[in-house]
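Below is one structure, written out as structure tokens; the observations come after it.
Chains as they are written, first to last, in the numbering used here: chain A, 1 to 492; chain B, 493 to 762.
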């Protein structure tokens, strides 16, 4: 066999093609190198480098920083050099397809006959079966051989016998799923048996799919848009130029019994330009809202600092009056029962930490919720902090026995990502083509056999096979079958 | 060792694989058929425990065991073991176990060092049928690449010309095994890791491709094997070069797999 793996030597060298396999391999190597370099670079050059220039300038110096910024090593996949590599890949892929499409498609639909009979040799394992006199056939049954010998010409078999042998060979291959084609030229015949021809079509479809994916990616990155907008319940977010808005009706974090997050859900209503309801949906992770070319994703959320829906506190007035549960809303003052005092909720910090600059929240998580309480009444104003998780730790208010922070409904801002990607249909179509192409390319066992019958011998040669060992097993069986059938024929 | 049943089964599988490796080594050195059979039986036992461990983890966690790096590594080990058993039945070359078993043990050791906590609740981003499609096919394809690497290692160790009486498979058999494993893994990897991953990413994160470190790693793996196949089709990377290429592929896969631990990104599920 020559080059194996479904290609002739001619094809493998890419002779006659504008883009050879070598060029394709070099281009893939360049893209591979660029991707691998970019992959590693992200570990060494942080993406926030442009925002911390001074720090990195001191660390690496002006010249190095200048090179890093010019080559955009902190974001290599959006740099000019990587775009250049992608462009090269695109051009080579396109040229490959254009120059090879005719050959790939035509080979899928017909077995190609050899230009000249192939000889059995090291490159082309096969077998030869002598025919006619050389095989000891009965002369009287073979007038061509009989008279040929009588008049000193080369002994050969009759045209009828050639047809019979061709029939035996054809049957042996067709039975095993090969497609068979032959050409008769006088007393000699050349034939080809091919299985798994669809791989050529698969090769074409797969590469076309890659091209479509690349075009889809370019269209998406050039013409698409993406923006994350945050909003709380009741907020309206504008996401289209025609006045269509999205109103957030609520945001929930679903938890399991073990306090693990099950899902994040934002309830939304799409309002058209007149303010009428156009659609209503629940946006969850993995379940975006798709509306007229825009997809809205549940991207993130945060817990607002200094904002809450309501907060509950338990107030313990001095001795005589029973403790009272008060529900505070932001900015409103509540009287404390049995006293002349009023209470107002001040700041709310979900993750309280006392820092040099005063109290602040160190994260958006409810790790240490703290509520500032402001008491007003005779004797002036007093304020202090109460803690949800540490009720005994808060400020001691002189005019009350104590205040305990019982519960709070914080305000969540849901982060919704609005994306428009006009390249998405192309991208998806490319992937479908890619899957179909891969299936055809790799699921069929490609095998090519060439042969000839020249009157004195039958030659069958294995030209190409993807799996040499299993092909050799099959080839051996075919040889036995053909030899047996021809012997039987000659005996008759 | 953790107390859950799946971890106990994991360790049982690990020790059986380790035991089979020792016996496979003895078999390769001595050529004793009995030792080879004993090694194969131990290996098959390891596969049974490996399978049972995965089933137990599935049952305990109430979701297929693909959610963490530990689970992914154990699934990969399972794919390698299953592939080897299929190879064993097909080619009857027990001595190949002397290379497959250590590759498997390396994967199991890596798995053993990863956090093994069972989470009954998948994080919201993982709650999608694409998760099962993406991870299952990617694990199977990477398992096939690891099988190719194992065969590549044997090819290189074997060296020289084919000699009669050698307990290792012939170079032709090994080359075909490498080639078959890569040609089996490559389309699956493209479909499972890249295409299915991209479609899922669009549903979960709003974009097909984010140049996340794991995504880039998958692209590097895909491009690498694309290069291997192109070079192989050109008639360039055959024999020793193909064997060496399959081992380099293993290094890239391991780097991509362990990259989660230091490169971070959207795929940083430990």
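Each residue gets a CB set at the ideal place from its N, CA and C atoms; glycine is no exception.
Remember, predicted model here, so these are calculated numbers, not experimental data.
Backbone CA spacing between residue i and residue j [nearest angstrom]
| i | j | result |
| --- | --- | --- |
| residue 640(B) | residue 484(A) | 39 Å |
| residue 114(A) | residue 531(B) | 50 Å |
| residue 501(B) | residue 110(A) | 54 Å |
| residue 124(A) | residue 116(A) | 14 Å |
| residue 69(A) | residue 54(A) | 13 Å |
| residue 634(B) | residue 543(B) | 18 Å |
| residue 486(A) | residue 446(A) | 27 Å |
| residue 266(A) | residue 23(A) | 51 Å |
| residue 525(B) | residue 509(B) | 18 Å |
| residue 362(A) | residue 733(B) | 55 Å |
| residue 194(A) | residue 672(B) | 20 Å |
| residue 408(A) | residue 328(A) | 9 Å |
| residue 691(B) | residue 428(A) | 8 Å |
| residue 647(B) | residue 297(A) | 50 Å |
| residue 118(A) | residue 649(B) | 37 Å |
| residue 471(A) | residue 584(B) | 19 Å |
| residue 563(B) | residue 482(A) | 53 Å |
| residue 305(A) | residue 349(A) | 5 Å |
First through last residue of the beta strand (DSSP E) which encompasses residue i
| i | result |
| --- | --- |
| residue 346(A) | 342 to 349 |
| residue 382(A) | 380 to 387 |
| residue 284(A) | 277 to 284 |
| residue 511(B) | Element bounds for residue 511(B): not the beta strand (DSSP E) but the alpha helix (DSSP H), 497 to 522. |
| residue 450(A) | 447 to 453 |
| residue 184(A) | 179 to 185 |
| residue 407(A) | 402 to 420 |
| residue 236(A) | 236 to 238 |
| residue 610(B) | Per DSSP, residue 610(B) belongs to no beta strand (DSSP E) and is neither H nor E. |
Extent of the continuous alpha helix (DSSP H) run through residue i
| i | result |
| --- | --- |
| residue 40(A) | 21 to 44 |
| residue 535(B) | 525 to 553 |
| residue 626(B) | 621 to 650 |
| residue 199(A) | 198 to 223 |
| residue 707(B) | 705 to 725 |
| residue 298(A) | Not the alpha helix (DSSP H): residue 298(A) falls in the beta strand (DSSP E), residues 294 to 316. |
| residue 671(B) | 663 to 680 |
Beta-carbon contacts of residue i that lie in its chain and below 6 Å, excluding the five residues immediately before and after
| i | result |
| --- | --- |
| residue 592(B) | 576 and 642 |
| residue 527(B) | 515, 518 and 519 |
| residue 463(A) | 448 and 450 |
| residue 300(A) | 415 |
| residue 478(A) | 172 |
| residue 493(A) | Nothing in the structure corresponds to residue 493(A), since chain A is present only between 1 and 492. |
Contact set for residue i: own chain, Cβ-Cβ below 7 Å, skip 5 residues either direction
| i | result |
| --- | --- |
| residue 444(A) | 196, 198 and 199 |
| residue 397(A) | 375, 382, 384 and 403 |
| residue 272(A) | 244 and 278 |
Other residues of its chain near residue i: CB distance less than 8 Å, five sequence neighbours each side excluded
| i | result |
| --- | --- |
| residue 279(A) | 269, 270, 289 and 291 |
| residue 97(A) | 204, 207, 208 and 211 |
| residue 391(A) | 404 and 405 |
| residue 721(B) | 674, 675 and 678 |
| residue 324(A) | 314, 315, 317, 336, 337 and 338 |
Minimum Cβ-Cβ distance from residue i to chain C less than 7 Å
| i | result |
| --- | --- |
| residue 712(B) | Given the protein chain composition of this structure (A and B), no chain C is represented. |
| Does the region 213 to 228 of chain A come close enough to the region 404 to 424 of chain A to have 3 or more Cβ pairs within less than 8 Å? | Contact between the region 213 to 228 of chain A and the region 404 to 424 of chain A is present, because at least three Cβ pairs lie under 8 Å.
| task | Check whether the region 427 to 441 of chain A touches the region 454 to 462 of chain A, taking contact to mean three or more Cβ pairs, one atom from each stretch, closer than 8 Å. | result | Using a Cβ-Cβ distance cut-off of 8 Å, the region 427 to 441 of chain A and the region 454 to 462 of chain A are not in contact, since fewer than three pairs of beta carbons, one from each stretch, lie closer than that value.
| request: Check each residue of the region 408 to 437 of chain A: if its Cβ is closer than 8 Å to any Cβ of chain B, include it; give the result in chain order. | output: Cβ contacts with chain B: 417, 419, 421, 424, 427, 428, 431, 434 and 435.
| request: Indicate whether the contact test is met: 3 or more Cβ pairs, each with one atom in the region 74 to 85 of chain A and one in the region 35 to 52 of chain A, closer than 8 Å. | output: Yes, the region 74 to 85 of chain A is in contact with the region 35 to 52 of chain A.
| task | Return the residues of the region 269 to 297 of chain A that lie within a Cβ-Cβ distance of less than 9 Å from chain B, sorted by chain order. | result | Going along the region 269 to 297 of chain A in chain order, one finds 284, 285, 286, 287, 288, 295, 296 and 297 with a Cβ nearer than 9 Å to chain B.
| request: Pull out every residue of the region 18 to 50 of chain A whose Cβ sits closer than 8 Å to any Cβ of chain B, in chain order. | output: Residues 21, 22, 24, 25, 28, 29, 31, 32, 35, 36, 38, 39, 42 and 43.
| said: Is it the case that the region 532 to 540 of chain B contacts the region 508 to 515 of chain B, given that we only count it when at least three CB pairs across the two stretches are under 8 Å? | reply: As far as the Cβ criterion goes, the region 508 to 515 of chain B touches the region 532 to 540 of chain B, which means the pair count is three or higher.
| said: If the cut-off is 8 Å on Cβ atoms, which residues from the region 373 to 387 of chain A count as contacting chain B, listed in chain order? | reply: Taking 8 Å as the Cβ-Cβ cut-off against chain B, none of the residues of the region 373 to 387 of chain A qualify.
| Can you list, in chain order, the residues of the region 695 to 708 of chain B whose Cβ is nearer than 9 Å to any Cβ on chain A? | Going along the region 695 to 708 of chain B in chain order, one finds 695, 696, 697, 698, 699, 700, 701, 703, 705 and 708 with a Cβ nearer than 9 Å to chain A.
| On the three-pair Cβ rule with 8 Å, is the region 183 to 192 of chain A touching the region 162 to 172 of chain A? | A contact exists between the region 183 to 192 of chain A and the region 162 to 172 of chain A.
| message | Give me the subset of the region 658 to 686 of chain B whose CB atoms are less than 7 Å from a CB atom of chain A, sorted by chain position. | response | Within the region 658 to 686 of chain B, those residues whose Cβ lies closer than 7 Å to any Cβ of chain A are, in chain order, 664, 665, 668, 672, 675, 679, 682 and 683.
| query | Of all the residues that make up the region 587 to 620 of chain B, which are near chain A by a beta-carbon distance shorter than 8 Å? | reply | Per Cβ criterion, the list reads 611, 612, 613, 615, 616, 617, 619 and 620.
| message | What are the residues in the region 714 to 739 of chain B lying within 7 Å of chain A by C-beta distance? | response | Along the region 714 to 739 of chain B, going in chain order, the ones with a CB nearer than 7 Å to a CB of chain A are 715, 716, 718, 719, 722, 723, 724, 725, 726 and 727.
| If contact means a Cβ-Cβ distance below 7 Å, which residues of the region 450 to 472 of chain A contact chain B? | If the cut-off is 7 Å between Cβ atoms, the region 450 to 472 of chain A has 467, 468 and 469 near chain B.
| said: Assess contact between the region 592 to 609 of chain B and the region 690 to 706 of chain B, defined as three or more Cβ pairs (one per stretch) separated by less than 8 Å. Is contact present? | reply: Touching, no.
| said: Tell me whether the region 364 to 383 of chain A and the region 335 to 347 of chain A touch, counting them as touching only if at least three CB pairs, one residue from each stretch, are closer than 8 Å. | reply: With the cut-off at 8 Å, the region 364 to 383 of chain A and the region 335 to 347 of chain A touch.
| request: Could you name the residues of the region 68 to 97 of chain A whose beta carbon sits closer than 7 Å to any beta carbon of chain B, in the order they occur along the chain? | output: From the region 68 to 97 of chain A, only 77 have a Cβ closer than 7 Å to chain B.
| field | Contact residues within the region 185 to 199 of chain A, judged by C-beta distance below 8 Å to chain B | value | Residues of the region 185 to 199 of chain A with a Cβ closer than 8 Å to any Cβ of chain B: none.
| request: For the region 78 to 96 of chain A and the region 173 to 181 of chain A, state whether three or more C-beta atom pairs, one from each stretch, are separated by less than 8 Å. | output: No, because fewer than three Cβ pairs between the region 78 to 96 of chain A and the region 173 to 181 of chain A fall closer than 8 Å, the two stretches do not touch.
| task | Could you please tell me which residues of the region 249 to 271 of chain A, in chain order, have their CB closer than 8 Å to any CB of chain B? | result | Within the region 249 to 271 of chain A, the residues whose Cβ lies closer than 8 Å to some Cβ of chain B are 256, 258, 260, 261, 262, 263 and 264, listed in chain order.
| message | Output needed in chain order: residues of the region 313 to 341 of chain A with a Cβ under 9 Å from some Cβ in chain B. | response | Cβ contacts with chain B come from no residue of the region 313 to 341 of chain A.
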